[in-house]
Every structure is written in structure tokens, then in C-alpha cells.
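First up is the structure itself, then whatever we jot down about it.
Residue numbers (my numbering): 43 to 112.
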């Protein structure tokens, strides 16, 4: 919905090595499935413009919490 309707999303995001979640606001542009390099699995991710970093970024869904469409 957010991607199809050019909506922004807001969520807490934690990288695997970080201790806590950082608040992110992103204009999501696509949903992508990234293949793992070391095994046969993959990770579902959202790609979009991150307002915190002022750049395009990719976020794994498994690192998100409290996602809201704004």
C-alpha cells in the first residue's frame, strides 16, 4: 500500500550488531528479496529514501518494529 500510493513509512530499525532501535522515516519505493551469500536463504527488504540519512537505503523487514504508514 505505501509503495503503490507513494506514502512514507515510520518504524524503529535495528541493525544486527546494534543494541537498540533507531527511528526511521522512509519513502518506500520497492519491496525486494535479497539472496544470502553464505547460504540458500533470502531476506525480504524495503528499499527507499531514508530521511535520517538523506539517501537511498535498504531495510530488512526482520529488523523493523512498530511500522506505521504516514
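Think of the CB as a built atom: it goes at the ideal place given N, C-alpha and C, for glycine as much as any other residue.
Boundaries (first-last residue) of the beta strand (DSSP E) holding residue i
i           : result
residue 174 : Lying before the first or after the last residue shown, residue 174 is absent from the chain, which here runs from 43 to 112.
residue 169 : Coverage of the chain is limited to positions 43 through 112, which leaves residue 169 absent and any answer about it impossible.
residue 99  : 97-102
Proximity of residue i and residue j at Cβ, strictly below 7 Å
i           : j           : result
residue 75  : residue 84  : yes
residue 54  : residue 90  : no
residue 69  : residue 105 : no
residue 112 : residue 64  : no
Coil, strand or helix - residue i by DSSP
i           : result
residue 110 : strand
residue 52  : strand
Beta-carbon contacts of residue i that lie in its chain and below 8 Å, excluding the five residues immediately before and after
i           : result
residue 100 : 74, 76, 87, 88, 89
Close-in-space but distant-in-sequence residues of the same chain around residue i (CB under 6 Å, 5 per side omitted)
i          : result
residue 93 : 67
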